[in-house]
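Visitor: Counting with our numbering, you get residues 76 to 354 for the letters of the sequence shown. Every residue gets a Cβ at the ideal spot worked out from N, C-alpha and C, and that includes glycine. My structure is below; once you've seen it, I'll send some questions.
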Amino acid sequence: MGAAQPKYYTSYTNNNNGQSQSSRGSGGISTRPDAEENYPNLIDLVRHAWLGIGKLYVAAKYLVHSIKHNLFEKPRVPYFKLGILAVAMFLVFKEDLRFTLNLKVPTWLFGQSAGSATPDGVAQFGLAQSIALPSHQASTETTRTSGTSNELVDAYIKRFRRVAVLEMQQFGIPASIKMAQALLESQAGTLNDAVTSNNHFGAPLRNTPVATAWESWRAHSLYLQNEYPELFKYGKNYQRWAKELDKKGYNTSKDYAQQLINIIEQFQLNKLDEMGSVQ
Numbered sequence: 076m077g078a079a080q081p082k083y084y085t086s087y088t089n090n091n092n093g094q095s096q097s098s099r100g101s102g103g104i105s106t107r108p109d110a111e112e113n114y115p116n117l118i119d120l121v122r123h124a125w126l127g128i129g130k131l132y133v134a135a136k137y138l139v140h141s142i143k144h145n146l147f148e149k150p151r152v153p154y155f156k157l158g159i160l161a162v163a164m165f166l167v168f169k170e171d172l173r174f175t176l177n178l179k180v181p182t183w184l185f186g187q188s189a190g191s192a193t194p195d196g197v198a199q200f201g202l203a204q205s206i207a208l209p210s211h212q213a214s215t216e217t218t219r220t221s222g223t224s225n226e227l228v229d230a231y232i233k234r235f236r237r238v239a240v241l242e243m244q245q246f247g248i249p250a251s252i253k254m255a256q257a258l259l260e261s262q263a264g265t266l267n268d269a270v271t272s273n274n275h276f277g278a279p280l281r282n283t284p285v286a287t288a289w290e291s292w293r294a295h296s297l298y299l300q301n302e303y304p305e306l307f308k309y310g311k312n313y314q315r316w317a318k319e320l321d322k323k324g325y326n327t328s329k330d331y332a333q334q335l336i337n338i339i340e341q342f343q344l345n346k347l348d349e350m351g352s353v354q
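Rendered as structure tokens:
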């Protein structure tokens with residue numbers, strides 16, 4: 076009646092007798108008894124996995140050991156080489172440092188002269204001490220200190236620097252101004268009035284009897300306080316002090332203010348003001 080249907084056969088081999096047999100079937104699938112060998116063995120998988128884990132463990136252990144070694148190992152400091160370098164740098168810069176210090180710092184800041192010890196009686200001077208104050212009298216004997224050697228000037232500054240600072244702290248007069256006036260009026264303590272009468276501030280104190288040079292410094296502070304009270308508002312501005320003293324006729328020299336300023340800047344007396352500012 077209809078078209079003939081195709082017939083399917085399955086062939087297989089019998090291992091027992093080696094004969095080939097044919098049988099009808101519908102699957103058309105060839106089967107072989109050794110097909111299981113194509114799949115991996117579970118034991119082999121476990122073995123390979125264990126070996127891999129072992130390698131990872133060894134690598135991790137080495138990494139941890141290396142990190143701990145680097146973290147806790149004390150750094151090696153080349154002390155010997157650093158010491159040699161420090162000595163070499165000291166020898167190289169020693170002379171340059173000494174030269175720089177001598178260049179920038181006035182010599183009177185180093186050491187003390189024999190007469191620079193604190194004088195007897197200076198600490199007893201008070202604001203109310205009885206000193207015969209001179210009347211307002213202008214000085215006419217001011218001369219330049221250019222003829223006075225730097226050695227004498229340095230010795231004078233060393234001798235009276237503490238007194239100048241003390242007077243600044245007591246009265247508010249710039250130590251630089253008082254020191255410059257004393258250097259100028261007494262020519263660093265070499266003029267006759269300074270030697271015979273202990274007067275280190277010229278004509279304004281000529282009629283004021285003092286027993287020591289230290290009393291002359293205190294008498295001068297009181298003199299400025301009484302005769303020039305308006306100057307104290309300038310604080311430690313030595314330039315304003317010098318110009319106002321000149322303007323008000325403290326000294327009749329035409330360039331008195333500039334002389335004071337030149338002395339202060341030449342010998343760096345403004346450092347005394349810095350010392351006086353430290354209580």
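Should the segment 233–242 be regarded as contacting the segment 336–350, the criterion being three or more beta carbon pairs within less than 8 angstroms?
Guide: Yes, since at least three Cβ pairs between the segment 233–242 and the segment 336–350 fall closer than 8 angstroms, the two stretches touch.
Visitor: Any idea which residues DSSP pairs Asn-337 with across the strands?
Guide: For Asn-337, which the question treats as bridged, DSSP gives no partner whatsoever.
Visitor: Examine the ligand ATP and report whether any of its heavy atoms sits within less than 7 angstroms of the Cβ of Phe-165.
Guide: Within the structure as shown, the ligand ATP is missing, as the structure has no ligands at all.
Visitor: Report the rounded CA-to-CA distance for Gln-341 versus Thr-283, giving the unit in angstroms.
Guide: 30 angstroms
Visitor: What is the DSSP secondary structure of Lys-311, counted as helix, strand or coil?
Guide: Residue state, collapsed to three classes: coil.
Visitor: Is it buried or exposed, Met-254, if we count other Cβ atoms within 10 angstroms and call 16 or more buried?
Guide: Around the beta-carbon of Met-254, 16 or more other beta-carbon atoms lie within 10 Å, marking it buried.
Visitor: Which two residues bound the contiguous alpha helix (DSSP H) that contains Gln-262?
Guide: Looking at the DSSP string, Gln-262 is not in any alpha helix (DSSP H), and its letter there is neither H nor E.
Visitor: So, are the CB atoms of Leu-320 and Ala-263 less than 8 angstroms apart?
Guide: No, Cβ-Cβ distance for Leu-320 and Ala-263 is not below 8 angstroms.
Visitor: Please classify Asn-273 as buried or exposed, where buried requires at least 16 other C-beta atoms within 10 Å of its C-beta.
Guide: buried
Visitor: Within 10 Å of its beta-carbon, does Ala-286 have 16 or more other beta-carbons around it, so buried, or fewer, so exposed?
Guide: exposed
Visitor: Identify the continuous alpha helix (DSSP H) that holds Asn-225 and give its terminal residues.
Guide: Here the alpha helix (DSSP H) through Asn-225 covers 225–246.
Visitor: Between the beta-carbon of Ile-338 and the beta-carbon of Leu-259, is there less than 8 angstroms?
Guide: yes
Visitor: Tell me which residue opens and which closes the alpha helix (DSSP H) that Asn-274 is part of.
Guide: Where Asn-274 is concerned, there is no enclosing alpha helix (DSSP H), given that its DSSP letter is neither H nor E.
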